[in-house]
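Participant:
Numbering (my numbering), first residue to last: 1014 to 1577.
#1: Quick check on residue 1260: buried or exposed, where buried means 16 or more other Cβ atoms within 10 Å of its Cβ?
#2: Can you tell which of 1216, 1146, 1373 and 1466 has its C-alpha closest to the C-alpha of residue 1591?
#3: Taking the alpha carbon of residue 1519 as the point to measure from, which residue in 1511, 1451 and 1525 has its own alpha carbon closest?
#4: May I have a chain-ordered list of the beta strand (DSSP E) segments no shorter than 3 residues that lie completely inside the stretch 1506 to 1532?
#5: Under 8 angstroms, do residue 1214 and residue 1072 count as touching if we go by C-beta distance?
#6: Could you give the distance in angstroms between the alpha-carbon of residue 1436 and the alpha-carbon of residue 1383?
#7: Just the C-alpha distance for residue 1564 and residue 1282, rounded to the nearest angstrom, thanks.
#8: Looking at C-alpha atoms only, which residue of 1502, 1571, 1536 and 1547 is the closest neighbour of residue 1529?
#9: Please go through the same chain and pick out, in chain order, the residues whose beta-carbon is closer than 8 angstroms to the beta-carbon of residue 1358, but skip the five residues on each side of it.
#10: If we ignore side chains and look at the alpha-carbon of each, how far apart do residue 1352 and residue 1554 end up?
#11: Let me confirm a value: residue 1173 is counted as buried when at least 16 other C-beta atoms fall within 10 Å, else exposed. Which label applies?
#12: What does a CB cutoff of less than 6 angstroms around residue 1185 pick up in its chain, not counting 5 residues either side in sequence?
#13: Find the nearest neighbour of residue 1525 within the set 1517, 1552 and 1515, judged by alpha-carbon distance.
#14: Under the DSSP definition of a beta bridge, which residues are partnered with residue 1576?
#15: What runs of the alpha helix (DSSP H), each 4 residues or longer, lie entirely inside the stretch 1361 to 1440?
#16: Looking at C-beta atoms only, is the number of pairs between the stretch 1270 to 1277 and the stretch 1306 to 1326 that lie closer than 8 angstroms three or more?
#17: If we call anything under 8 angstroms between Cβ atoms a contact, is residue 1300 one with residue 1127?
#18: Can you tell me which of 1418, 1090, 1430 and 1426 puts its alpha carbon nearest to the alpha carbon of residue 1438?
#19: Nearest to residue 1411 by alpha carbon, out of 1425, 1400, 1398 and 1421?
#20: Please name the residue, chosen from 1157, 1285 and 1499, that lies closest to residue 1211 on a Cα-to-Cα basis.
#21: With DSSP collapsed to three states, give me the class of residue 1469.
#22: Leaving out five residues before and five after residue 1537 in sequence, what residues of the same chain have Cβ atoms less than 6 angstroms from its Cβ?
#23: The beta strand (DSSP E) with residue 1176 in it runs from where to where?
#24: Can you grab the Cα-Cα spacing for the pair residue 1335 / residue 1368, in whole Å?
#25: Please confirm if the stretch 1190 to 1208 is in contact with the stretch 1086 to 1095, defined as three or more CB-CB distances below 8 angstroms between the two stretches.
#26: Please tell me whether residue 1189 and residue 1077 are closer than 8 angstroms, where the distance is taken between their beta carbons.
#27: Label residue 1239 either buried or exposed according to how many other C-beta atoms from any shown protein chain fall within 10 Å of its C-beta, with 16 as the threshold for buried.
#28: Taking residue 1145 as the reference, give the member of 1031, 1024 and 1119 with the closest Cα.
#29: Does residue 1484 come out as helix, strand or coil in the three-state DSSP assignment?
#30: Rounded to the nearest angstrom, how far is the Cβ of residue 1568 from that of residue 1479, given a contact under 8 angstroms?
#31: Whole-angstrom Cβ separation of residue 1255 and residue 1245, contact assumed at under 8 angstroms?
#32: What are the boundary residues of the beta strand (DSSP E) that residue 1119 is part of?
#33: When the Cα atoms are used, what is the spatial distance from residue 1083 to residue 1233?
#34: Would you report the Cα separation of residue 1433 and residue 1365, rounded to the nearest angstrom?
#35: So, for residue 1201: in the same chain, excluding its five sequence neighbours on each side, which residues have a beta-carbon less than 6 angstroms away from its beta-carbon?
#36: Kindly identify the DSSP beta-bridge partner or partners of residue 1451.
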């Protein structure tokens, strides 16, 4: 692990900012590092408001999208709501279809089959729409690159409205409306919405046109918050407002389907982290193992008994997904060693019978062992399909673009992408990808980094400090959980390894120069136990959380790493 300490803002600026807000200076440093340097910005950060959401009509083509939907409803047309099979796609379809159905009955939903159709808009889906007399398709979380597909639909008399958030290509599809804040010709003020977020802006525009306030749409924000967490978009600006209110819905009055998914979770308050690790994998499991429509049906179901049955089915899919992911990860790790590829700058592995639904998870697992850009391939029909994952600071999408002569199709983001190629292209692609990454990656990016916000003394960890820190939530990209560093620590003498195989480290620490003692837990840091024994002095990188034990609640250090 390499530790990097973020630059500290100017001391005098920090001091006066802290005084104006009546907060500790370390809190002022954290705010300024996040670009919050005025009273007004701090107020918006600590008190997110629906009033801070932008006018949806600032998004290019929004007026055209709203007019076309209103025309479809007025003319009694059949509308098909189409979305990808991942969490962002299925929540988007659930959001749009349930909103439209609350006003109009002729609305159907469609999720492409991960295996038969693959990602995004498909010819099979368009044919399905044509066979069912659909004249308007609203595509969510996909479509911004579907040039030929949209043209094909047009010839069949089917219009498209596209709500996407992926980077467009050089050409925009010839749809009625293409809503995508990443369009170069779109001046929408916030560019980082997820697909479900773009869908939300469309229903916000429809409500606004009727003269209704955005608060009427709050019940849909549990879906938007789930998509924001799962799609790992920055939790800044508009996303922060949507996630904040969405989490409140999840914790107070979630839709029946989400309630069924979290029924057995023993937690009073769910965070974005819980959304990412509890709700999202279960929604995803439907599309990975069976079909994404199962997730949409659950998320739109209103009958409690039926929702419980569906959630039990999805729980079974998730258990199957876990078994597959574990088995394939073990096979992939063995393949790396067998091929003597431990020292490469990339991981590229392939086996034709690996389950396509979990290769993305496996790619993420492999980066935990070999910290480098990773692709996991499997056979998909006559082609090979892969999921790509990257390491912090390296743009895997750009790297794939440099290998495009060996790729048939690819798309995605800086840190996650997908691609297909012919089996005959695999070895040339693998060699080219290694060559591109080796020649362009900064070697330091191949060592996992702990980014530390500030150095902290133990006596600065007070109830007031922690209370303010909790109001930084929801955490995520662009607003990560603050990480601190404290030097000259010693264990009080009772530190030990705990858990299965002594995998975790538990101790209580004091700091040279002050009398404060704070408990600490380090998950998967059991192998560092010797660093704290015999009163050795060490330093720790950690975040703060609450430890609840036998009715007692105390602030503890959640250790990320320790060093001599």
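Every residue gets a Cβ at the ideal spot worked out from N, C-alpha and C, and that includes glycine.
Facilitator: The relevant details are as follows:
#1: Burial call: buried.
#2: Past the edges of the chain, shown from 1014 to 1577, lies residue 1591, and the structure says nothing about it.
#3: Here the closest residue by C-alpha is 1511.
#4: Counting only runs of 3 or more, we get 1509 to 1511 and 1517 to 1524.
#5: Contact flag set, yes.
#6: Approximately 25 angstroms between the Cα atoms of the pair.
#7: Their backbone Cα atoms lie some 17 angstroms apart in a straight line.
#8: Comparing Cα-Cα distances from residue 1529 to each of 1502, 1571, 1536 and 1547, the minimum goes to 1502.
#9: Excluding five sequence positions before and after residue 1358, the CB atoms of its chain that fall closer than 8 angstroms to its own CB belong to 1385, 1386, 1447, 1450, 1451, 1454 and 1459, given in chain order.
#10: About 36 angstroms.
#11: It counts as buried.
#12: Excluding sequence neighbours, residue 1185 sits near 1191.
#13: The option with the nearest alpha carbon to residue 1525 is 1552.
#14: For residue 1576, the pairing in a beta bridge is given by DSSP as 1552.
#15: Along the stretch 1361 to 1440, the alpha helix (DSSP H) occurs as fully enclosed runs of 4 or more residues at 1372 to 1382 and 1409 to 1414, listed in sequence order.
#16: Contact between the stretch 1270 to 1277 and the stretch 1306 to 1326 is present, because at least three Cβ pairs lie under 8 angstroms.
#17: In contact: residue 1300 and residue 1127 (Cβ atoms closer than 8 angstroms).
#18: Taking only the C-alpha atoms, the option nearest residue 1438 is 1418.
#19: Proximity to residue 1411 across 1425, 1400, 1398 and 1421 peaks at 1425, based on C-alpha coordinates.
#20: Of 1157, 1285 and 1499, the smallest CA-CA separation from residue 1211 is found for 1157.
#21: Three-state DSSP puts residue 1469 in coil, outside helix and strand.
#22: Answer for residue 1537: 1516, listed in chain order.
#23: Segment 1172 to 1176, the beta strand (DSSP E) holding residue 1176.
#24: So the alpha carbons of these two residues sit roughly 12 angstroms apart.
#25: By the Cβ criterion, the stretch 1190 to 1208 is not in contact with the stretch 1086 to 1095, since fewer than three pairs of Cβ atoms, one from each stretch, lie closer than 8 angstroms.
#26: Taking 8 angstroms as the cut-off, the Cβ atoms of residue 1189 and residue 1077 count as close.
#27: Residue 1239 comes out buried.
#28: Of the residues 1031, 1024 and 1119, the one whose Cα lies closest to the Cα of residue 1145 is 1119.
#29: Coil.
#30: Rounded, the Cβ-Cβ distance is 5 angstroms, consistent with contact.
#31: That belief does not hold up - the Cβ atoms of residue 1255 and residue 1245 are roughly 15 angstroms apart, past 8 angstroms.
#32: Residue 1119: not part of any beta strand (DSSP E); DSSP gives it neither H nor E.
#33: It is roughly 20 angstroms from the alpha-carbon of residue 1083 to the alpha-carbon of residue 1233.
#34: Residue 1433 and residue 1365 have their C-alpha atoms some 13 angstroms from each other.
#35: Here residue 1201 has 1071, 1072 and 1194 as same chain residues with Cβ atoms under 6 angstroms from its own Cβ, once five neighbours each way along the sequence are excluded.
#36: Paired residue(s): none; residue 1451 is not in a bridge.
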